[in-house]
Amino acid sequence: MHTPGSVDVHRNLTRRAWSVRVGRRVVGHLPAIALRDVVLRSSEAARLRCLRLGARDVHAWARGVPTDAPRPPAAVRFRYRLAEPGFRLAEGQVLLAAAAAWFEADGSAWCLACPGANVRIGGT
Numbered sequence: 027m028h029t030p031g032s033v034d035v036h037r038n039l040t041r042r043a044w045s046v047r048v049g050r051r052v053v054g055h056l057p058a059i060a061l062r063d064v065v066l067r068s069s070e071a072a073r074l075r076c077l078r079l080g081a082r083d084v085h086a087w088a089r090g091v092p093t094d095a096p097r098p099p100a101a102v103r104f105r106y107r108l109a110e111p112g113f114r115l116a117e118g119q120v121l122l123a124a125a126a127a128w129f130e131a132d133g134s135a136w137c138l139a140c141p142g143a144n145v146r147i148g149g150t
């Protein structure tokens with residue numbers, strides 16, 4: 027469910043930028059964007075279909091409210107990889123949400139994660 031002012035963000039591999047979606051419509055592509063009140067979503071069925079067919083589609087995204095807040099030194103990197111389900115921190119925990127996230131021009135993603143509150147050890 028969308029909260030007022032929220033957007034969905036996913037990495038556009040063709041444009042090498044972050045696609046910003048409002049509802050079902052992509053409204054722009056940005057080199058970098060920051061969000062607050064972030065929920066990370068992914069479709070396991072679509073991930074498995076991509077693996078099986080070798081096709082690409084949007085099946086993982088972050089939803090949150092855009093912010094101008096700079097990335098603090100305490101932010102930790104997280105990733106999404108087709109080979110394993112869910113967004114993950116470096117230690118392997120599945121990340122479900124974050125107070126804030128920064129999606130950088132180099133394609134990296136960083137967040138303020140609250141260990142134990144929004145991560146899960148192991149699979150999805």
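Under the numbering used here, the first residue of the sequence shown carries the number 27, and numbering increases by one thereafter.
In this text, a Cβ means the ideal position worked out from N, Cα and C, and glycines have one as well.
Within the DSSP secondary-structure output, Thr93 pairs in a beta bridge with Ala60.
Measuring C-alpha to C-alpha distances from Trp128 to each of Thr29, Leu108, Arg62 and Gly49 identifies Arg62 as the nearest. Between Arg89 and Val35, the C-beta gap is smaller than 9 Å, which places the two residues in contact.
The beta carbon of Ala58 sits closer than 8 Å to those of Trp44, Trp128, Phe129, Glu130 and Ala131, all from its chain and outside the five residues before and after it, given in chain order. Here Leu39 is exposed. Its C-beta has fewer than 16 other C-beta atoms within 10 Å. In terms of Cβ geometry, His85 and Ala100 do not form a close pair [threshold 9 Å]. Comparing C-alpha distances from Pro96 to each of Ala60, Gly54 and Ala116 shows the shortest one belongs to Ala60.
When Arg37, Leu108, Ala139 and Thr29 are compared, the shortest CA-CA separation from Gly133 is found for Arg37.
Counting only residues of its own chain and dropping the five nearest sequence neighbours on each side, Arg42 has no CB closer than 6 Å to any other CB. In this structure, the beta-carbon distance from Cys137 to Val91 does not fall below 9 Å. Excluding sequence positions up to five before and after Asp83, its CB lies within less than 7 Å of the CB of Ala72 and Cys76, all in the same chain and listed in chain order.
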